[in-house]
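Residue numbers (this note's numbering), protein chains in the order written: chain U, 1 to 323; chain A, 1001 to 1323. In what follows, a single structure is set out as C-alpha cells and then discussed.
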DNA sequence: TGATTCTGGTTTAACGATTAACCAACACGA
DNA sequence: TCGTGTTGGTTAATCGTTAAACCAGAATCA
C-alpha cells in the first residue's frame, strides 16, 4: 500500500511536506506540490483513514441503532441517512437491537466501543435509551422528551382524521398495532383531535382489535384508520373474508406510504413522512453536536403529507343499514 | 478517556505490561495482572479500536453494498449479516448504490477507502462488480459466475412450479418484474423446468405483462407465478379490478415471503429463502478469505422452502369457460 | 546595516496499542 | 562456581497521519 512515507521517499522530501501538499496547508511551493500530487496520483494514493482517525480522535463514522431492522420503514430511513451522511464524508455502521431494550443498550455500547463519533437512535418502543458518552440524535416522535427530530406523527394523524371527517364519516374506528409505541399513540392522538366533535370514535389495538372490525362495520362504522400500511392490508383482508369491501362498505387508511400502499386494490390512502428531510436534519444536527454546539433544547418536527387515494370515499348514507 | 497509559501511570508500571496483562500474553505475575485488571475495570477501560486497527492493519469492519436499500428484503439480509458479523466481533458499514452500476463501483471504493477488511456485495441487476483490492463476497444467484453464496432461486422456482403442476394447472403465466435481473431469470427458469411438459407456459415481464393478465386468465390461464410478493400483490389488484378473484379464478404465487404475504387475502403462497443461513455462510466465507484462505472455486447454494398458503388451489375445470 | 518577515521547507512529537528485543534477578543442575 | 533457564518485567520501534516548533536563506524595511 502506498503511504505518505512512500511518496516522500520517491520524491526525496519529508513526509510532513507531502502531507502539507496533499491537504493544501500552504508551506509548499507550487512546483513541489504539483510533483507530489502527480506522484500520489500515479501510486493511486489514498489516505489511511484509520491513522487519520487515531490522530484526529474522530473516526468519521456514525452508529445507527434501529429497534428492529425488519421495520418496513427502515430501508428508507437507512438509505436517506446513508445519503445525507455520505454528503458529509461520514460512514454509517449499523446495529440492530432485536426487540428488547437491553439489547438496545448493548448495541449502543458496541458501537461506541468501535469509536463512532455519534449515535443515531430510533428507540425501541417504550424504551428510554440512556444518555451516552457520544453525541446522540434520537429519531422518534414529538411526544418523546428525548426526541431530536421526527415526523409530525400527531399532525399526520390529524391530516388523515380531517380528511375522513371532511368526507362525512361520523362513525370511525382507529386501529393501532401496539399501544406501547409512542409513535402510534401520537398518530392516534392526532386522528382523535381531528375527529373531536365531528364523529363518534372507537380506538382499538392489535390482532384482537382487527377481529372486532367486521362487527363494528356492520354496526355502522364507515371508516377504519390504522397506524400503518401493513396493518391496513391486514384489515382489508379480514374485512374481505367477512364479505366487506373497501371503500364500498368502509373507507380504510394506512400510514407511512410504503410501496405496498400503491400496489393494493384500491390504492391505499395514507400519510407520507418526509424521510429525506428527517434524515437530512438528523445528520445536520449530529454534525453540529460533534462540532461542539450545545444540544437543541427541543425536538424538531418535520411535517407529514396526506396521500389521498381510492381507499377512502365520501360517506354514503345509503350504505347505512339504519335508514 | 482512559488508555493503557493511564492505567500504567496509576499503577506505576509500563504500558507494555498493562497491554500484556489485559490480553493474557503471559509475562505478567498473577497479582500484577489482577491489580491491572481491577484498575481497568474501575476506569471502565475500553481498548481503542482505531489504534489497534492501525497497528494490526485490520479494522474489523466489513462493507455492505446493496443495489438499493429500499429493496424490501434488505432489512432481513442486513439484520442477519449484522448478527453473524457481531458474533465474530465485526462491524458492518453500509452503502447503497442507487440504481446504477457506476454508483456501485463508487460505493465499493468509498468503503475500501474507509479501510474495510472485506466487501459484501449484493450486485446491481445486470452489473458485474470489478474485483477489488479486498476480499469480496458476492450474494446473488447461482447462475452468476461471481456468486459466492446465494439462495437456490432456480430450485425455489422449481418448487413453486411443481406445486402448481401438482395441483393440476395446465395453463400457467410466469411474471417477472425486470428481465435484466439474474435472480428473477433464475426463478423463472426454475418454474419453467418444473412445468416443462406438464403445462402450457407463457412468460411476461413488468407492468406491460401485468396489464395482459386479465385477458390471459379469461382465455384460460389458471395460475400466475410471480418473482416477488409485491408483484403478486400488484397482480391481485389488477385482477380484482377486472373482476377476477384469487384463488377462485386464478391461483397466484409470490416470492420471498415478506410480511405482506401473510397479510394478504388470501394469504399468499410463496417461496422463503433462508436468509440467516445465507448470511451466516457469507460471513464465514468472508472470515476465511480474510484469514488468507483461497477463494472457493464455486458458489454455495442454500436451499429454499415452499410456503403453500391459500392463494393457490387445485385447478377447477368447471371454472374453464371452454367446457 | 541590522532587525524583521516571508517562503519553503525539516524535525520532532504525538495519537493508543502491539510486539520484538532486551535485561535483571533468582533458581537449578552439573 | 559457572553456565542455563525461567520469571516478570522494561525499552523502543512501529502502524500512517498530523501539527507544532524550528530553521536557513532571501527579501523587505527603517
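Ideal Cβ positions, reconstructed from N, Cα and C, are used throughout, including at glycine.
Is residue i near residue j, with beta carbons less than 7 Å apart?
| i | j | result |
| --- | --- | --- |
| residue 1080 (chain A) | residue 1279 (chain A) | yes |
| residue 1225 (chain A) | residue 1191 (chain A) | yes |
| residue 1254 (chain A) | residue 1268 (chain A) | yes |
| residue 1266 (chain A) | residue 1242 (chain A) | no |
| residue 1155 (chain A) | residue 1304 (chain A) | yes |
| residue 1096 (chain A) | residue 82 (chain U) | yes |
| residue 1148 (chain A) | residue 1283 (chain A) | no |
| residue 1091 (chain A) | residue 93 (chain U) | yes |
| residue 131 (chain U) | residue 290 (chain U) | no |
| residue 1315 (chain A) | residue 1168 (chain A) | yes |
| residue 1174 (chain A) | residue 1203 (chain A) | yes |
| residue 1313 (chain A) | residue 1228 (chain A) | no |
| residue 1102 (chain A) | residue 1180 (chain A) | no |
| residue 1050 (chain A) | residue 53 (chain U) | yes |
| residue 15 (chain U) | residue 36 (chain U) | no |
| residue 107 (chain U) | residue 137 (chain U) | no |
| residue 3 (chain U) | residue 43 (chain U) | no |
| residue 199 (chain U) | residue 170 (chain U) | yes |
| residue 195 (chain U) | residue 220 (chain U) | no |
| residue 1007 (chain A) | residue 1040 (chain A) | yes |
Per the DSSP calculation, residue i is bridged to which residue(s)?
| i | result |
| --- | --- |
| residue 203 (chain U) | U:174 |
| residue 1252 (chain A) | A:1224 |
| residue 272 (chain U) | U:305 |
| residue 1061 (chain A) | A:1091 |
| residue 1136 (chain A) | A:1119 |
Could you have a look at residue i and say whether DSSP puts it in helix, strand or coil?
| i | result |
| --- | --- |
| residue 66 (chain U) | strand |
| residue 128 (chain U) | coil |
| residue 1237 (chain A) | helix |
| residue 79 (chain U) | helix |
| residue 226 (chain U) | strand |
| residue 311 (chain U) | coil |
| residue 1300 (chain A) | strand |
| residue 150 (chain U) | strand |
| residue 1212 (chain A) | helix |
| residue 1328 (chain A) | Since the first residue of chain A shown is 1001 and the last is 1323, residue 1328 (chain A) is not available in this structure. |
| residue 17 (chain U) | helix |
| residue 198 (chain U) | coil |
| residue 1 (chain U) | coil |
| residue 1262 (chain A) | helix |
| residue 291 (chain U) | coil |
| residue 1322 (chain A) | Only weak support is given to the placement of residue 1322 (chain A): the predicted model assigns it a pLDDT of 46, under 50, and the value that follows is read from those uncertain coordinates. Residue state, collapsed to three classes: coil. |
| residue 1044 (chain A) | coil |
| residue 73 (chain U) | coil |
| residue 86 (chain U) | helix |
| residue 38 (chain U) | helix |
| residue 179 (chain U) | coil |
| residue 1142 (chain A) | coil |
Starting from residue i, trace the beta strand (DSSP E) in both directions and tell me its first and last residue.
| i | result |
| --- | --- |
| residue 96 (chain U) | 91-96 |
| residue 1006 (chain A) | Looking at the DSSP string, residue 1006 (chain A) is not in any beta strand (DSSP E); the run it does join, the alpha helix (DSSP H), is 1004-1011. |
| residue 28 (chain U) | Residue 28 (chain U) -> no beta strand (DSSP E), and no H or E assigned at all. |
| residue 959 (chain A) | With chain A covering only 1001 through 1323, there is no way to say anything about residue 959 (chain A). |
What are the boundary residues of the alpha helix (DSSP H) that residue i is part of?
| i | result |
| --- | --- |
| residue 1119 (chain A) | Premise fails: residue 1119 (chain A) lies in the beta strand (DSSP E), 1118-1121, not in any alpha helix (DSSP H). |
| residue 165 (chain U) | 153-166 |
| residue 305 (chain U) | First-last for residue 305 (chain U): 304-307, but that is the beta strand (DSSP E), not the alpha helix (DSSP H). |
| residue 1113 (chain A) | 1101-1113 |
| residue 1242 (chain A) | Here residue 1242 (chain A) belongs to no alpha helix (DSSP H), and DSSP marks it neither H nor E. |
| residue 56 (chain U) | 49-56 |
Does the distance between the C-beta of residue i and the nearest non-hydrogen atom of the ligand NAD fall short of 6 Å?
| i | result |
| --- | --- |
| residue 216 (chain U) | Because no ligand of any kind appears in the structure shown, any question about the ligand NAD cannot be addressed here. |
* Listed from N- to C-terminal order along the chain, which residues in the region 1293-1311 of chain A have their beta-carbon within a distance smaller than 9 Å of any beta-carbon of chain U? -> Listed in sequence order: no entries.
* Asked: Mind listing which residues of the region 1088-1122 of chain A have their C-beta closer than 7 Å to chain U's C-betas, in chain order?
  -> 1091, 1092, 1093, 1094, 1095, 1096, 1113, 1114 and 1115
* Within 9 Å of chain A by C-beta, residues of the region 243-275 of chain U in sequence order -> 258, 259, 260, 262, 263, 264, 265, 266 and 267
* Asked: Going along the region 1207-1234 of chain A in order, which residues come within less than 7 Å of chain U, judged by CB to CB distance?
  -> 1230, 1233 and 1234
* To do: Pull out every residue of the region 21-55 of chain U whose Cβ sits closer than 9 Å to any Cβ of chain A, in chain order.
  => Those residues of the region 21-55 of chain U that come within reach of chain A (Cβ to Cβ, closer than 9 Å) are 46, 47, 48, 49, 50, 51, 53 and 54.
* **Chain-ordered residues of the region 1074-1086 of chain A with a beta carbon less than 7 Å from chain U** => 1074, 1075, 1076, 1078, 1079 and 1082
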